[in-house]
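*Asks:* Chains as they are written, first to last, in the numbering used here: chain X, 1 to 350; chain P, 1 to 207. We treat Cβ as the ideally placed atom computed from N, Cα and C, and that holds for glycine. Computed from a prediction, not measured in an experiment: that's the story for all the values here.
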Amino acid sequence: MRKNGSTPFKTVPVEEAVGMTLAHDMTEIIPGKSKGPAFKRGHKVTSGDLCRLMRMGKNNLYILDLDETQVHEDEAVFELASALAGPGVEFSADPKEGKLELRASYPGLYKVDVEALTQFNMFQDVMCGSIHTNTNVQRNQSLAATRAIPLVIERRHLDEATALAKAAYPILSVAAYKPLKIRLAIIGNEVYNGLIQDRFQDIVETKVRALGTDVLETCILPDDREIISGKIKEYLEKDTDLIITTGGMSVDPDDVTRESIEASGFDQVHYSSAVLPGAMFLLGYTRDTAIMGLPACGLYHKTTIFDLILPRLMAGERPGKRDLASLCHGGLCMNCTPCRFPECPFGKTA
Amino acid sequence: MEDFETLLAGAAEAHGHLCPGQVVGVRMAMLGCELIGLDNPSAMPQIKKLIVYVEMDRCAADALAHVTGVRLGRRSLKFIDNGIMAATFVNLETGKAFRIVSTETARDKAKELMPEITDSHRQQLEAYKVMDMADLFDVEEVRVDIPASDMPGPTRFKAVCTRCGIVVRDKKEVLMNNEILCRPCAHGSYFQPVKGSTHAEKRQHTL
């Protein structure tokens, strides 16, 4: 029996290899019929395998010389992925080169416990890299990848990392979108009086539909406090999860949407966000209903604060003042042509 | 693997009747197994090497299960409700996989092959037995990356629905409104509980 330097491989005569673990895939070629792995890396050699191995011309084998304190990377990565993957996150049964990709098993809002994931990556000989938290993801989308760094990892290092992941469960998850009952109010004298054609309805409906729900009702209102307030109260009395208003959010004397919303019975109203486009954004809540006031920038810019907050409301979250403020880091749209959102830094606050 | 006639007779018995779907299913299964290099899929050790995805719950699905030995309860038979007369055969060991789709043109071909038979059911049944594979099926080599949570073997993943308390296996739980839920609680289901017999109440009755 020969050791190969400091690697965990040994060269072993085939007849002495029973019970040992193969270090690599072993290909069998049957001329004119087939070519493929007869034995996979990690396979434990049995006495029944010996004849076949000899027929394949194998008199000596590279085997992994593992004791109970060591774990092969393919086995280790399965334990890492199992510990990291929460609801909505799945992974292949077949590690590739010691690595497993974690994917979304349904569409929704991808959530990462960034602090816990950072702690996980502090442990020796393990890693997991992820896309950003709060990303709207599609089914089967790649979310993260994990692996043990060496071919063979110490059991105690693996156990430390998986224990943390299990304690912080779920570190990686996808929050499913719940179809919301949404009602829309398009606000502005210019639209109400027919001076210009509204374009907001189409924009809002398209973005809402992309997340799997529909706008139930839309109205066009003038810049009038009583009328706006009255309509919002009417929407609140109906079974409404989310009210969206567009326009009237800036500081012009004609813009009264914000104060009309504030007068309509909302407990919490947050005005302004650390995002451009979308600084003059309003987000408010009653016990059962959320309201979003969209500034007119949404007519010009393809991607705005609306695209960052809508998925979070659809995922059942209630972002507050701190959430709106924390969007500052990554809150500036670079106005790329063409727009590559969500594959860009916009809204990617850790 | 047994010969075609024996497999067809067995499939008809298992399914309850002989029909064109049995013929299509048996031939599809034989072709699928051959393509992925399995000659005796329903016996050890090959029984552990095969997963079949069927895309319809029609007669042919039973024939596929009969020939290949795949079973829902073994997690070797996967039902994908596409309403398409198709199945994908995956060799877990080699990763080789082929999707086979039953052609619609085979119906017309059956008329050409067996013009002397006027009953369309019998015409298809007899014609599908002898029709060229290329006329009967479209075949495509594919890659199927099977999630770890869909693999055969012991249950590795369990979660508990925070709303109804039921245990959800194999990562089929859903995160919604910051709650881990079973699919019926998250999305609703095909059934509506009858008043007074919800899961929680039933549990109380039996305690």
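Going along the region 166 to 189 of chain P in order, which residues come within less than 7 Å of chain X, judged by CB to CB distance?
*Replies:* K171, E173, V174, L175, M176, N177, N178, I180, A186
*Asks:* Classify X/L324 as helix, strand or coil using the three-state DSSP reduction.
*Replies:* Helix.
*Asks:* Under 8 Å, Cβ to Cβ, is there at least one residue of chain X near P/T151?
*Replies:* First, the residue type needs correcting, since residue 151 of chain P is Met and not Thr in the sequence shown. Output row for P/M151: interface = yes.
*Asks:* In three-state DSSP terms, what is X/H301?
*Replies:* coil
*Asks:* Between which residues of its own chain and X/H301 is the CB-CB distance below 7 Å, once the five residues before and five after are set aside?
*Replies:* Closer than 7 Å at Cβ, skipping near neighbours: P277, C333.
*Asks:* So which of X/F120, X/G32, X/G188, X/E75 has the shortest CA-CA distance to X/D252?
*Replies:* X/G188
*Asks:* For P/I146, would you say it is in contact with chain X, using Cβ-to-Cβ distances shorter than 8 Å as the test?
*Replies:* yes
*Asks:* In angstroms, rounded to a whole number, what distance separates the CA positions of P/Y190 and X/K10?
*Replies:* 57 Å
*Asks:* With H, G and I counted as helix, E and B as strand and the rest as coil, what does DSSP make of X/S260?
*Replies:* helix
*Asks:* Which of the three DSSP states is assigned to X/H157 in this structure?
*Replies:* helix
*Asks:* Run through chain P and tell me which residues come within less than 8 Å of X/Y167, C-beta to C-beta.
*Replies:* Contrary to the premise, residue 167 of chain X reads as Ala rather than Tyr in this sequence. Within chain P, no residue has its CB atom less than 8 Å from the CB of X/A167, the nearest being about 16 Å off.
*Asks:* Please state the DSSP three-state secondary structure of P/P147.
*Replies:* strand
*Asks:* As a quick exercise: from P/G69, P/K172, P/H121, pick the residue whose alpha carbon is nearest that of P/G21.
*Replies:* Among P/G69, P/K172, P/H121, the Cα nearest to that of P/G21 belongs to P/H121.
*Asks:* At a CB-CB cut-off below 9 Å, which residues of chain P make contact with X/E90?
*Replies:* P147, A148, S149, D150, K171
*Asks:* Who are X/S272's beta bridge partners in DSSP?
*Replies:* The partner list for X/S272 (beta bridge, DSSP) is empty, contrary to what the question assumes.
*Asks:* Would you say the beta carbon of X/R139 is closer than 7 Å to some non-hydrogen atom of the ligand MG?
*Replies:* Absence of the ligand MG is noted for the structure shown, with no ligands found whatsoever.
*Asks:* The region 92 to 117 of chain P: which residues have C-beta closer than 9 Å to a C-beta of chain X, in chain order?
*Replies:* Correct list: L92, E93, T94, G95, K96.
*Asks:* I want to see whether chain X comes within less than 8 Å of P/A159, judged by CB atoms only; does it?
*Replies:* yes
*Asks:* Whose C-alpha, out of P/L31, P/A148, P/R143, P/D108, is nearest the C-alpha of P/G95?
*Replies:* P/R143
*Asks:* Suppose you measure from the CA of X/E226 to the CA of X/G265; what does that come to, to the nearest Å?
*Replies:* 13 Å
*Asks:* By Cβ distance, which residues of its chain are closer than 6 Å to X/V191, with the 5 residues on each side in sequence left out?
*Replies:* D198, I220
*Asks:* Taking the alpha-carbon of X/T257 as reference, which of X/R156, X/Y285, X/L242, X/M292 has the nearest alpha-carbon?
*Replies:* X/M292
*Asks:* How do the region 127 to 146 of chain P and the region 86 to 100 of chain P stand: do at least 3 beta-carbon pairs fall below 8 Å, yes or no?
*Replies:* yes
*Asks:* Which word fits P/H17, buried or exposed, when buried means at least 16 other C-beta atoms lie within 10 angstroms of its C-beta?
*Replies:* exposed
*Asks:* Which value, in whole angstroms, describes the spacing of the CA atoms of X/V12 and X/G19?
*Replies:* 12 Å
*Asks:* For P/F79, which residues does DSSP report across the bridge?
*Replies:* Paired residues: P/V54.
*Asks:* Can you tell me whether X/G247 is helix, strand or coil according to DSSP?
*Replies:* coil
*Asks:* If you run the structure through DSSP and keep just helix, strand and coil, what is P/H17?
*Replies:* Three-state result, P/H17: coil.
*Asks:* Please check if any C-beta of chain P sits within less than 8 Å of the C-beta of X/K58.
*Replies:* no
*Asks:* Determine the direct distance from the alpha carbon of P/D145 to that of X/G320, and round the result to whole angstroms.
*Replies:* Between X/G320 and P/D145, the C-alpha separation is close to 40 Å.
*Asks:* Using the rule of at least 16 other Cβ atoms within 10 Å of the residue's Cβ for burial, across every protein chain shown, is X/E73 buried or exposed?
*Replies:* buried
*Asks:* Between X/A93 and chain P, is any beta-carbon pair separated by less than 8 Å?
*Replies:* yes
*Asks:* Hey, could you find the ends of the alpha helix (DSSP H) P/N91 is sitting in?
*Replies:* First-last for P/N91: 86 to 91, but that is the beta strand (DSSP E), not the alpha helix (DSSP H).
*Asks:* Using 8 Å as the limit for Cβ to Cβ distance, is P/G37 near chain X?
*Replies:* Yes, because at least one Cβ of chain X sits closer than 8 Å to the Cβ of P/G37.
*Asks:* Among residues of its own chain, excluding the 5 on either side of X/P342, which ones have a beta-carbon nearer than 7 Å to its beta-carbon?
*Replies:* T135, N136
*Asks:* At 8 Å on the CB atoms, spell out the chain P contacts of X/S82, in chain order.
*Replies:* A148, R156, F157
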